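J.:
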C-alpha cells in the first residue's frame, strides 16, 4: 500500500523534474540566441569589410569609386564632434549631478528635475534632432555645422551622464565628507577637494560610455545636416563636417554591391573606436576600483 | 601706561587679524553662494531641453496644422506628402507593425534569458553572459541596419521567396534583437530582487525550480518585468536607423510583414535628407510626425514609470 503510494509520488515527481530539465535547456538556448546573432553580426561585418580596409581607406576622403573611397573625413569629424560633446555634456552633467546630490532642497522642483531627466532619457534620439534643427541650425543660425551637431548630441547624452555622475557622487561614503566638515572645510571645499576627486573614476567611466553611445548615433545628425560627402576636414566650429555613421549609412544605401563592402570596412573602424573607448572605461574602473 | 599701550597694540593686531579673516571669509562665502547658483543653472539645462522640445514640436506642428487639418492628418489613410496627401495612418501603422514584430522577438527571448540568468545560471556563467548580452544594446543602430539589409533579409528570402529587399519583417526582427538585452537585463534585476526566503519556502513544499520560477518568482517580479517590456517597446517605437535602412520608404497601411513600409522615424529621416525647403508644408510635417512619435514614447515611458512605482513590491 505504502510502496504503491511512493511509486505514484515518484512517478509524478519524475514528470515534473523532467519538464524542469527540458525548460532549463530551452531557457539556456534562448539566452544563446542573442549571442549567436552577435557572433553572426561580427562575422558578417568582418568578412565583408576586411577586404576594403587598409591604411588608404582610413586616410582617404569619400570618392565616386568604391576602390578609392575612405573614411578619413568621418573619423576626424567623429573625433572633433566627440570633443565638443564631451566638453559641454560632462561639465553640465556633472554640475547637475552635484546640484541634485549635494545642494538640491527636497521639494517639488527638485523632484521635477529628477523626473524630467528620467523622461529625457526615453525621448527618441530623432526628436533631439528636430530640437537641434529648430534651435541650433535655424534659430541660433549656426547652419549645418559642427557646433550645431555637437550641441544636439550633448543634450542627447546629458541624461546618461547625469545619472552616472549622480551614482558616482552618491557612492562617496558619508564618513569622508563628515571628516572634511569636521576639519572646518566649507561645503564647496568638501565637494571640490573630497567628493569630486573620489567620484572622478565613476564619472569618467559613465562619460566614456555615454560618449561611445553618441559616437554611434546617426539619426539626430542626419536631421541637423551632417554632410554625406565632404572633401575637407572641419577647421572651425562653424565648419561643415561628417561622421562615421553617416558615411556608413550613405554607403549602405547605394545599390552596387561593392559599396556594401566599403560600408563594412567603415563599420570595422567604427566598432574598433567603440571597443577602444569601452576598454578605456573598463581600465579606469579597474584601476581606481578601491573601497573608500 | 606702557602695559596699557602694549595691550592696546595687541588688541589692534587681533582686531586686524579678525578683520583680515573676515575679508577672507567673505570671499569664501561669496564662492559658497555663487557655486550653488551656477550648479542650479546647469541643472536647469535639462529642464530647458524638455521645454525646448515641447516648444519646437508644438510651434512647428501648429504651423503644419494651419495648412492641413488635424482631422485629415489623423484620419487620412494615404501618406504622400510630395503630392499633398497627409494622412499619418500609414506611418503609425508601419511603426506599430515594426514594434509588434520586435516585441514578438524580444519579449519571449528576453524573458527566457532573464529566467535562465537569474534562476538557473550560476554566478560565473551570469557574470560572463550578462555583459556580453549587453554588447547587443551598445552596437550602433546603423550597423544593425546594415546587418538587417545585407544578412537577415537574404537569409529570410531563402525561406520566403517573394520577400522584397525592403520589408518590415527583417527590420522588426533586428529591432527585436537589439532590445533583447533591455528586457533581459531589467527583468533579471527584478527577479534578482525577489528574496530567497520566498524561493526556499516553495522548495520546502517540494516545488521544482520551474514551478518556483512560474509560481513564485515571476508573479513577485511582475511589475519590474512589465516595466522592462514597456520600456523596450518604447525604444522600438523610436528606433530610426534600422527601419530606415531595412524596412524601406513606402508609406503603406498593411499588416503584411513581407511588404515594404515606412515608420514615423524613417519618414523624418527621408524628409530631412531630401529636398525639404525651410517653411514648406513638408518641413512642418516633420514636426507633426515628430510630435506624434514623441507622444507615443512619452506615454509608454510614463506607463513604465507608473507601473514600477505603483506596483513596486517591497520586501
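Chains as they are written, first to last, in our numbering: chain Z, 623 to 914; chain F, 3 to 317.
We put the CB at the ideal spot given by N, CA and C, even for glycine.
Quantities reported herein were computed from a predicted structural model and do not represent experimental measurements.
Mind listing which residues of the region 201-233 of chain F have their C-beta closer than 9 Å to chain Z's C-betas, in chain order?
T.: So the close ones are 208, 209, 210, 211, 212, 213, 215 and 233.
J.: Could you give the first and the last residue of the continuous alpha helix (DSSP H) run that contains residue 92 of chain F?
T.: 91-117 is the extent of the alpha helix (DSSP H) around residue 92 of chain F.
J.: Whether or not the region 711-723 of chain Z and the region 778-796 of chain Z are in contact is what I'm after, with contact meaning three or more pairs of Cβ atoms, one per stretch, closer than 8 Å; do they touch?
T.: Yes, they touch.
J.: Just to confirm, is the Cβ distance from residue 139 of chain F to residue 180 of chain F under 8 Å?
T.: Against a cut-off of 8 Å, the Cβ pair of residue 180 of chain F and residue 139 of chain F comes out as a contact.
J.: If we define contact as Cβ-Cβ less than 8 Å, is residue 135 of chain F a contact residue for chain Z?
T.: By this cut-off, residue 135 of chain F is an interface position.
J.: Please state whether DSSP places residue 3 of chain F in a helix, a strand or coil.
T.: Confidence is the limiting factor: at residue 3 of chain F the pLDDT is only 44, short of 50, which leaves the residue's position unreliable, though a coordinate-based value still follows. It is coil, neither helix nor strand.
J.: Determine the direct distance from the alpha carbon of residue 308 of chain F to that of residue 297 of chain F, and round the result to whole angstroms.
T.: So the two alpha carbons sit approximately 16 Å from each other.
J.: If you draw a straight line from the C-alpha of residue 7 of chain F to the C-alpha of residue 19 of chain F, how long is it?
T.: Any reading at residue 7 of chain F must be qualified, since the residue scores a pLDDT of 49, below 50, and its modelled position is unreliable; no value is offered.
J.: Quick check on the DSSP output: the alpha helix (DSSP H) that includes residue 159 of chain F runs from which residue to which?
T.: Residue 159 of chain F -> alpha helix (DSSP H) spans 155-161.
J.: Would you mind giving the Cβ-Cβ distance between residue 100 of chain F and residue 249 of chain F, rounded to the nearest angstrom? I have them listed as a contact below 8 Å.
T.: About 6 Å separates the two Cβ atoms, so the contact holds.
J.: Would you say residue 810 of chain Z and residue 227 of chain F are within 8 Å of each other, going by their C-beta atoms?
T.: Going by C-beta atoms, residue 810 of chain Z is not nearer than 8 Å to residue 227 of chain F.
J.: Within this structure, are the beta carbons of residue 888 of chain Z and residue 866 of chain Z separated by less than 8 Å?
T.: Their beta carbons are under 8 Å apart, which means residue 888 of chain Z touches residue 866 of chain Z by this criterion.
J.: Buried or exposed: where does residue 909 of chain Z fall if 16 or more other Cβ atoms within 10 Å of its Cβ makes it buried?
T.: Label assigned to residue 909 of chain Z: exposed.
J.: Mind checking the region 44-58 of chain F against chain Z and listing, in chain order, the residues whose C-beta falls within less than 7 Å of any C-beta there?
T.: Answer set for the region 44-58 of chain F: 44, 45, 47, 48, 49, 51, 52, 54, 55 and 58.
J.: Using a 10 Å radius around the Cβ and a threshold of 16 neighbouring Cβ atoms, would you call residue 769 of chain Z buried or exposed?
T.: Residue 769 of chain Z comes out buried.
J.: Looking only at C-alpha atoms, which of F:126, F:301 and F:293 sits nearest to residue 61 of chain F?
T.: Out of F:126, F:301 and F:293, F:293 has the C-alpha closest to the C-alpha of residue 61 of chain F.
J.: At 4 residues or longer, what runs of the alpha helix (DSSP H) sit wholly inside the region 202-270 of chain F?
T.: Whole alpha helix (DSSP H) segments, 4+ residues: 211-214, 224-240 and 243-248.
J.: For residue 884 of chain Z, which residues of its own chain have a beta-carbon under 7 Å away from its beta-carbon, when the five flanking residues on both sides are left out?
T.: Closer than 7 Å at the Cβ level, and outside the excluded window around residue 884 of chain Z, lie 674, 688, 691 and 873.
J.: If we count the other Cβ atoms within 10 Å of its Cβ and call it buried at 16 or more, is residue 281 of chain F buried or exposed?
T.: So residue 281 of chain F ends up on the exposed side.
J.: Check the Cβ-Cβ distances between residue 3 of chain F and every residue of chain Z, and say whether any is below 8 Å.
T.: Note that residue 3 of chain F scores a pLDDT of 44, beneath 50, so its modelled location is shaky and nothing firm can be said.
J.: Could you name the residues of the region 737-758 of chain Z whose beta carbon sits closer than 9 Å to any beta carbon of chain F, in the order they occur along the chain?
T.: Residues 737, 738, 739, 740, 741, 742, 743, 744, 745, 746, 747, 748, 749, 750, 751, 752, 753, 755, 756 and 757.
J.: In whole angstroms, what is the alpha-carbon distance linking residue 218 of chain F and residue 630 of chain Z?
T.: Their Cα atoms are separated by approximately 26 Å.
J.: Taking the alpha helix (DSSP H) that residue 784 of chain Z falls in, what are its first and last residues?
T.: Run containing residue 784 of chain Z: 768-792, per the alpha helix (DSSP H) assignment.
J.: For residue 171 of chain F, which residues in chain Z fall below 8 Å Cβ to Cβ?
T.: None at all; the shortest Cβ gap to chain Z is about 15 Å.
J.: Where does residue 644 of chain Z land, buried or exposed, given buried means 16+ other C-beta within 10 angstroms?
T.: Label assigned to residue 644 of chain Z: exposed.
J.: Of the choices Z:791, Z:748, Z:725 and Z:636, whose alpha-carbon is the least far from that of residue 825 of chain Z?
T.: Closest by alpha carbon: Z:791.
J.: List, in order along the chain, the chain F residues whose C-beta lies closer than 8 Å to that of residue 760 of chain Z?
T.: The contacting residues are 280.
J.: Find the residues of chain F that neighbour residue 657 of chain Z, judging by a C-beta separation of less than 8 Å, and give them in chain order.
T.: The contacting residues are 131, 134 and 135.
J.: Check each residue of the region 151-169 of chain F: if its Cβ is closer than 8 Å to any Cβ of chain Z, include it; give the result in chain order.
T.: Cβ contacts with chain Z come from 151, 152 and 153.
J.: Do we get a CB-CB distance below 8 Å when we pair residue 765 of chain Z with the residues of chain F?
T.: No, residue 765 of chain Z does not count as interfacial toward chain F.
J.: Residues of chain F with CB under 8 Å from residue 840 of chain Z, in chain order?
T.: Here the neighbours are 142, 143, 144, 242 and 243.
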